[in-house]
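Working notes, beginning with the structure itself.
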Amino acid sequence: MQVIGTELFQYDIYKHLPELEKKIPKRMIWALRFKWWYKDNTDKHIVITDMRFLHESLMIRSLGGIILKVFRPGLKMPEDLHPSETEIDDIHYDFLLISDEDIEKYREKGRELFKKILS
Numbered sequence: 109m110q111v112i113g114t115e116l117f118q119y120d121i122y123k124h125l126p127e128l129e130k131k132i133p134k135r136m137i138w139a140l141r142f143k144w145w146y147k148d149n150t151d152k153h154i155v156i157t158d159m160r161f162l163h164e165s166l167m168i169r170s171l172g173g174i175i176l177k178v179f180r181p182g183l184k185m186p187e188d189l190h191p192s193e194t195e196i197d198d199i200h201y202d203f204l205l206i207s208d209e210d211i212e213k214y215r216e217k218g219r220e221l222f223k224k225i226l227s
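Right under this line is the structure:
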């Protein structure tokens, strides 16, 4: 997905379709696509399960969304310097769900947090 989602649709597409930038600013194709879709679906609760870029989070916030970060202490990930892996650290979140216990306790924490969010 890094090649297609990031390199191709956030950067390289403008090399092949230079006129596109007049309608869709660089890097905004996915965020704007979501915004256009959301405007037809405002009656629904939407969960985006994977957001990795600051401009995506700003779009979510501009539409009234909140951002929840799931964090698992001690999880060792291989170092990856791709923007989709590093920019995620710059995203400010509203809620933090820590996954540091067994699955049942994690689910319970999630249920309690969603009750809080929806209240």
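Numbering (the working numbering), first residue to last: 109 to 227. Ideal Cβ placement from N, Cα and C applies to all residues, glycine included. As the structure is a prediction and not an experimental result, all values here were calculated from the model.
Where the beta strand (DSSP E) through residue i begins and ends
i	result
I206	F203 to I206
K177	L176 to F179
Whole-Å CB distance - residue i paired with residue j, under 8 Å assumed
i	j	result
L162	E129	In fact, because the Cβ distance is near 19 Å, the residues do not count as touching under 8 Å.
Test item: CB-CB of residue i and residue j under 8 Å
i	j	result
L221	L205	yes
D202	L176	yes
S207	R180	yes
I174	I211	no
Extent of the continuous alpha helix (DSSP H) to which residue i belongs
i	result
L125	Careful: L125 lies outside any alpha helix (DSSP H) and carries neither H nor E.
G218	I211 to L226
R160	From DSSP, R160 is part of no alpha helix (DSSP H); its letter is neither H nor E.
R135	Where R135 is concerned, there is no enclosing alpha helix (DSSP H), given that its DSSP letter is neither H nor E.
Spatially closest choice to residue i from the options, by CA coordinates
i	options	result
W138	R215, L166, I211 and D208	L166
G218	D197, G182, V178 and D198	V178
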